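A.B. asks: Have a look at the structure that comes next, please.
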Ligand SMILES: [Zn+2]
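In this note's numbering, the protein residues as written are 1160 to 1352.
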């Protein structure tokens, strides 16, 4: 069993598609040297961010690679550069916040009892329109996670799943399952639905 690292950094990296030149000046050695000099012994690097973009050359989901990712092998080269310095590099995957998925798959959204979704309107900045993992989104999440595992193989130190919560949901998929399980849903008007 691995010892818990004493100096861990969570590299938060949520990058809108409106930002150009992602990783354009990335230098793996400079990156790893900086981390080493800071005496950090674990740094979380990122496979998929809250905007829904990927930072590796995905074969299964090429349309989800950040449109301005200039350093194509960013994830893998971050991991390898850190490993060369003896630094752990677990991989970050967002779960319930993903703006691209939320805006292109309304059937994946968590629904409140009145049918509205969580978070602000899609016309406003932010990525808080949470996804329900009890929908076919689950299949995407599994395939994406499997791809990351295959990409890194033995080089994978672990996965950091972010934004994972047990939340009430009245989406079509959850309502169908509740019906199947005999769970009674009462509308705001007191009507059994
Ligand atoms: Zn649901």
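A virtual CB, placed ideally from N, CA and C, is assigned to each residue, including glycine. From a predicted model like this one, the values you see are computed outputs, not experimental measurements.
Using the beta-carbon count (16 or more within 10 Å), is residue 1300 buried or exposed?
C.D. replies: With 16 or more Cβ atoms within 10 Å of its Cβ, residue 1300 is classed as buried.
A.B. asks: By DSSP, does residue 1253 sit in helix, in strand, or in coil?
C.D. replies: Looking at residue 1253 - three-state DSSP - the assignment turns out to be strand.
A.B. asks: Check each residue's C-beta against every heavy atom of ligand 1 and list, in chain order, those closer than 5 Å.
C.D. replies: For ligand 1, the selected residues are 1291, 1293, 1328, 1330 and 1333.
A.B. asks: Would the stretch 1228–1240 count as touching the stretch 1266–1281 if we require 3 or more Cβ pairs under 8 Å?
C.D. replies: Flag = no, the stretch 1228–1240 and the stretch 1266–1281 do not touch.
A.B. asks: For the beta strand (DSSP E) that residue 1169 lies in, which residues bound it at each end?
C.D. replies: Residues 1167–1169.
A.B. asks: Would you kindly report the start and end of the unbroken beta strand (DSSP E) that includes residue 1206?
C.D. replies: Its beta strand (DSSP E) spans residues 1201–1207.
A.B. asks: Put residue 1184 into one of helix, strand or coil per three-state DSSP.
C.D. replies: Of the three classes helix, strand and coil, the one that applies to residue 1184 here is coil, per DSSP.
A.B. asks: Between the stretch 1182–1193 and the stretch 1215–1223, do three or more beta carbon pairs fall short of 8 Å?
C.D. replies: With the cut-off at 8 Å, the stretch 1182–1193 and the stretch 1215–1223 do not touch.
A.B. asks: For a test of the three-state rule: what should DSSP assign to residue 1194, helix, strand or coil?
C.D. replies: Residue state, collapsed to three classes: helix.
A.B. asks: Along the chain, where does the beta strand (DSSP E) containing residue 1319 start, and where does it finish?
C.D. replies: It spans 1318–1321 - the beta strand (DSSP E) in which residue 1319 sits, taken as one unbroken run.
A.B. asks: Please go through the stretch 1215–1265 and give each complete beta strand (DSSP E) segment of 3 or more residues, from N-terminal end onward.
C.D. replies: Here the runs fully enclosed are 1250–1253.
A.B. asks: Less than 9 Å separating the beta-carbons of residue 1340 and residue 1238?
C.D. replies: Contact flag unset, no.
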